[in-house]
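First comes the structure, then the notes that go with it.
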Amino acid sequence: MGGCDASVLISSTPFNKAERDADINLSFPRDGFRVVVSAKTAFELPCPDVVSCAHILAVVARNLVLLMGGPYYTSKLGRRDSLILKASYVEGNLPRPTMPMNPGFPI
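In terms of our numbering, the sequence shown opens at residue 1001 and continues consecutively.
Here it is as structure tokens:
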């Protein structure tokens, strides 16, 4: 919740329950995390601390749109992953899947 940083991809530690393990995020497929973390690791070997998890998700989404016949679009890169990740930051800050969408919903 530190921004659009995909911090849901960062694992919990014995001392901190991360956003990934917040109740609202437990439905995410765990195998997807491994794929993104593997891609991030491959990019960071030659360029440490330059690629964020958000970069990986943005570029993968863009490339999937392109593969499905959609348009190519540029993705802004340059974000850094959060340094503070807490499951408690998630509650009340993310929409629930059961939340109704009304025309006035701010995006």
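Think of the CB as a built atom: it goes at the ideal place given N, C-alpha and C, for glycine as much as any other residue.
{"Item": "Among all the DSSP beta bridges, which residues are the ones paired with threonine 1013?", "Value": "Asn1016"}
{"Item": "Quick one: what's got a C-beta closer than 8 Å to proline 1100's C-beta in the same chain, skipping five residues either side?", "Value": "none"}
{"Item": "Would the beta-carbon of glutamate 1019 fall within 9 Å of that of tyrosine 1089?", "Value": "yes"}
{"Item": "Spell out a yes or no on whether the stretch 1014-1028 and the stretch 1037-1052 are touching, meaning 3 or more CB-CB pairs, one atom from each, closer than 8 Å.", "Value": "no"}
{"Item": "Using three-state DSSP, classify alanine 1061 as helix, strand or coil.", "Value": "helix"}
{"Item": "Taking the CB atoms as reference points, tell me whether valine 1037 and leucine 1067 lie closer together than 9 Å.", "Value": "no"}
{"Item": "My output table needs one value for cysteine 1053: the three-state DSSP class, helix, strand or coil.", "Value": "helix"}
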